[in-house]
Every structure is written in C-alpha cells, then in structure tokens.
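A.B. asks: Take any residue in the sequence shown, count from 1 to its spot, add 87: that is its number in the numbering used here.
Ideal Cβ positions, reconstructed from N, Cα and C, are used throughout, including at glycine.
Let me begin by handing over the structure; questions about it come next.
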Amino acid sequence: MESAVGVTVGAVWVLSAPVFLFCAAADFLDRGPDYIPLLVSGLIVGLLGLLVVRLCSFPSGLPVSRLFASVVSGAVAALIAVTVANLATDASVALDVALVEAAATITGTNASTLNAESMSLGVTLFRALGQWLSAGAIIVVLVRVMPHLGVGGLDADGGVATRSARRLAPRSGSTMARLVSLYVGLTVLCAFAYLVAGMPWIDSWIHSLTTLSSGGFSTRSGSIGAFDSPAIEWVAIVGMVVAGTSLPLMFRALRRGDLHRFVRSIEFRTYIGLILISVVACIAWSDTWPTASDLRHSLFAVVSALSTAGYLAGDLESVS
88 MESAVGVTVG AVWVLSAPVF LFCAAADFLD RGPDYIPLLV SGLIVGLLGL
138 LVVRLCSFPS GLPVSRLFAS VVSGAVAALI AVTVANLATD ASVALDVALV
188 EAAATITGTN ASTLNAESMS LGVTLFRALG QWLSAGAIIV VLVRVMPHLG
238 VGGLDADGGV ATRSARRLAP RSGSTMARLV SLYVGLTVLC AFAYLVAGMP
288 WIDSWIHSLT TLSSGGFSTR SGSIGAFDSP AIEWVAIVGM VVAGTSLPLM
338 FRALRRGDLH RFVRSIEFRT YIGLILISVV ACIAWSDTWP TASDLRHSLF
388 AVVSALSTAG YLAGDLESVS
C-alpha cells in the first residue's frame with residue numbers, strides 16, 4: 088500500500104527504538120529502576136514501526152498536501168512514542184501528564200510539572216535526547232523540505248539566514264550532513280564547556296543536549312541555578328545565544344571564514360539588539376545600582392526567554 092504517512096510513522100518509530108535502548112542501557116549501568124520498561128517499550132515501538140514500514144511504500148509522486156500530512160504524522164508518531172515511554176516508566180502515571188510531558192519533549196518546550204531530581208538517569212536522558220533530536224528534525228524539515236515547496240518561513244526573503252537556508256536546500260545531501268555535523272559539534276563543545284566550568288560529567292552532557300536544542304529540561308529542579316556557579320551560568324548564556332542563532336547562517340559564516348556575515352545579517356543584528364535592549368530595560372527597572380551578579384542574572388533571564396530555552400538561574404524577582 089502506497090502511503091507517505093504510513094512510511095513516515097513507521098520510520099519515526101523504527102528510529103526511536105535505538106533511543107529507547109540506549110537510555111535503557113544507561114539506566115541499567117546506573118542501577119536505575121526504568122531500564123526494563125524502556126527496553127520493552129522500545130522493542131514494541133520498534134517492531135510496530137517495522138511492521139508499518141513493511142506494509143506501506145513511499146509513493147512516486149507526492150503533492151504538497153500529503154507532504155505536509157507526512158510531516159505532521161511524523162510529529163504525532165514521535166508524540167506517541169514519548170508518551171509510551173512516559174507511561175511505561177516512573178516519569179508519570181496519568182495519561183494527560185504523559186501527553187503533556189511528551190509534547191514538551193518533542194517541541195523543545197521547558198514546560199514540566201515533574202520533579203527532575205526524582206527521575207532515573209534513563210528517563211532524564213530520554214527526555215533530553217528527545218528534545219535534542221526533535222530540534223535536529225525541525226532543522227532538517229525547515230532547511231531541506233520547506234524551501235522546495237516555496238512555502239513556510241524559510242521562503243520569505245526576510246534575512247540573510249533565511250536566504251542562506253533556501254540556497255542550501257537544493258544542494259546534495261552532503262550539505263545537510265554538514266549542517267547536522269555542526270549541530271552535533273556545537274553540542275559536544277557545549278558539554279565540554281559545562282564540564283570545564285565545574286558541572287558533573289553526566290549533567291554536562293544532558294544540559295548540552297537541552298541547551299543547543301533550546302529545550303531547557305534540566306537534571307535539577309532548580310535548573311541551572313541549582314549549581315550555584317557563575318561559570319556554569321556563563322556557559323549556559325553563550326550556549327543559549329548560539330542555540331537561538333540561525334544554524335544555516337553559522338554554517339555559511341564558518342565554512343567561508345566570513346564572521347562579518349553575522350554583522351551583515353539583519354536577523355542576527357535584531358536578535359542581539361533585542362538581548363541588549365532587554366538587559367538595559369531590566370537594569371533600568373531596578374531600584375538599586377545593579378551588581379555583577381544582577382547583570383549576569385538579567386542577561387541569563389533575557390537570553391533564556393529569547394532563545395526559548397527557559398532555564399532559570401535563580402529567583403526571577405531578583406532580575407528587576
């Protein structure tokens with residue numbers, strides 16, 4: 088049966104299975120309680136995905152409406168897979184909570200009602216990887232799919248980074264691979280930066296995943312502020328600024344060694360301008376002369392909001 092939606096759903100479930108298994112292995116090594124639920128649910132999701140892929144075939148011609156339906160169905164398939172993981176583990180016990188947490192995971196939204204410190208390593212890693220992989224999938228869709236259709240935000244001639252994405256799209260898959268490699272490389276650099284700043288090894292890798300994806304999930308209930316480290320907060324600030332910057336713009340600037348491309352980009356100038364204006368507004372709103380800590384917390388809160396990461400470095404009331 089020819090069905091682009093079926094192939095997409097099956098492919099998402101098949102590709103989700105290794106994530107389940109990797110997190111199950113991590114939880115097993117950490118002597119956590121969730122490695123069996125993750126292992127079993129991963130095998131079930133993967134086998135269902137294989138079955139769907141075997142029953143469906145990709146059509147030779149694909150109209151725009153069906154392509155959009157395939158993209159949406161892929162997101163729904165990811166939502167179902169993460170919901171299954173949440174229900175199978177100790178992450179949540181209610182279906183509505185599991186759905187909300189799954190939606191926050193695949194959309195890269197720091198909206199969670201769960202206690203991060205009570206989760207096992209397997210579940211914490213699964214949530215972080217979910218945000219990171221979802222952000223990577225969005226990059227692929229926006230850069231590789233949308234410009235071909237002549238629709239969507241990347242088709243508008245609204246900035247250097249937008250035009251860069253459109254020019255990159257028609258090229259070979261090697262360009263897409265380089266974009267993904269840049270995303271992975273930035274994540275690794277962020278992890279090492281957190282490590283050097285004093286964050287524990289596992290925490291540094293998990294936070295690098297949620298920083299570069301601007302998802303914002305943390306291993307601590309108090310978010311970044313729980314580490315009580317200015318160095319870690321500065322790493323998070325830089326990481327969030329990078330996460331909020333156009334990946335195609337960074338790719339073209341680094342590939343050609345032309346850092347002035349950032350200055351010429353109206354998109355990037357507007358982004359940095361909003362950060363600076365917002366920080367100045369926070370300082371001006373304060374009744375007292377701000378200290379260095381106040382400036383850092385103000386910058387952290389502004390960057391966290393504009394990049395949509397949603398990290399916290401302390402009490403928000405202390406920002407103004």
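Go through the stretch 308 to 380 residue by residue and report every complete run of the alpha helix (DSSP H) that reaches 4 residues or more, in order.
C.D. replies: The qualifying runs are 317 to 330, 334 to 342, 347 to 351 and 353 to 372.
A.B. asks: Can the beta-carbon of Val210 be found less than 8 Å from the beta-carbon of Ala178?
C.D. replies: Yes, they are a contact pair.
A.B. asks: Where does the unbroken alpha helix (DSSP H) through Thr87 begin, and where does it stop?
C.D. replies: Residue 87 is absent from the structure shown; the chain starts at 88 and stops at 407.
A.B. asks: Do Phe279 and Ala323 have their C-beta atoms closer together than 8 Å?
C.D. replies: No, Cβ-Cβ distance for Phe279 and Ala323 is not below 8 Å.
A.B. asks: Report all residues from its chain with a CB closer than 7 Å to the CB of Gly119; omit the five preceding and five following residues, and keep chain order.
C.D. replies: Closer than 7 Å at Cβ, skipping near neighbours: Ser207, Leu208 and Gly209.
A.B. asks: Cα separation between Ala379 and Val140?
C.D. replies: So the two alpha carbons sit approximately 56 Å from each other.
A.B. asks: Can you tell me whether Ser144 is helix, strand or coil according to DSSP?
C.D. replies: Three-state result, Ser144: strand.
A.B. asks: What is the residue span of the alpha helix (DSSP H) that Thr211 lies within?
C.D. replies: Here the alpha helix (DSSP H) through Thr211 covers Leu208 to Val227.
A.B. asks: Starting from the C-beta of Ala400, find all residues in its chain whose C-beta is less than 6 Å away, skip the five residues before and the five after it, and write them out in chain order.
C.D. replies: Correct list, in chain order: Ile311, Gly312, Glu320, His384 and Phe387.
A.B. asks: Kindly list the residues whose CB is nearer than 7 Å to the CB of Ala340, restricted to its own chain and excluding five residues on each side of it in sequence; keep chain order.
C.D. replies: Correct list, in chain order: Leu346, Arg348 and Phe349.
A.B. asks: In the DSSP assignment, find the alpha helix (DSSP H) that holds Asp183 and state where it starts and stops.
C.D. replies: Note, Asp183: alpha helix (DSSP H), Leu182 to Thr194.
A.B. asks: Can you grab the Cα-Cα spacing for the pair Ser152 / Gly97, in whole Å?
C.D. replies: Distance between the alpha carbons of Ser152 and Gly97 is about 19 Å.
A.B. asks: Using 8 Å as the threshold, is the C-beta distance between Asp48 and Ser373 below it?
C.D. replies: Residue 48 is absent from the model: the chain starts at 88 and stops at 407.
A.B. asks: Going by DSSP, which residues form a beta bridge with Glu89?
C.D. replies: The partner list for Glu89 (beta bridge, DSSP) reads Ser144.
A.B. asks: Suppose you measure from the CA of Val227 to the CA of Met263; what does that come to, to the nearest Å?
C.D. replies: Those two C-alpha atoms are separated by around 7 Å.
A.B. asks: Please determine, among Ala318, Ala164, Cys143 and Ala224, the residue with the shortest C-alpha to C-alpha distance to Leu334.
C.D. replies: Of the candidates Ala318, Ala164, Cys143 and Ala224, the one whose C-alpha sits nearest the C-alpha of Leu334 is Ala224.
A.B. asks: With a CB to CB cut of under 8 Å and the five nearest residues on each side skipped, what residues in its chain are close to Val366?
C.D. replies: Closer than 8 Å at Cβ, skipping near neighbours: Leu382, Ser385, Leu386 and Val389.
A.B. asks: Excluding sequence positions up to five away, which residues of its chain have a Cβ less than 8 Å from the Cβ of Ala162?
C.D. replies: Excluding positions up to five away in sequence, the list reads Ile193.
A.B. asks: Could you compute how far the alpha carbon of Met286 sits from the alpha carbon of Gly344?
C.D. replies: Approximately 32 Å between the Cα atoms of the pair.
A.B. asks: Given this structure, state the Cα-to-Cα distance separating Val106 from Val94, to the nearest angstrom.
C.D. replies: Spanning the two alpha carbons is a distance of roughly 19 Å.
A.B. asks: Beta-carbon within less than 6 Å of Gly245's beta-carbon, same chain only, minus the 5 sequence neighbours each way: which residues are those?
C.D. replies: With a pLDDT of only 37 at Gly245, under 50, the local geometry of the prediction cannot be trusted, and the value read off the model is given with reservation. Excluding positions up to five away in sequence, the list is empty.
A.B. asks: Going by other Cβ atoms of all chains shown within 10 Å of its Cβ, with 16 needed for buried, is Val283 buried or exposed?
C.D. replies: So Val283 ends up on the exposed side.
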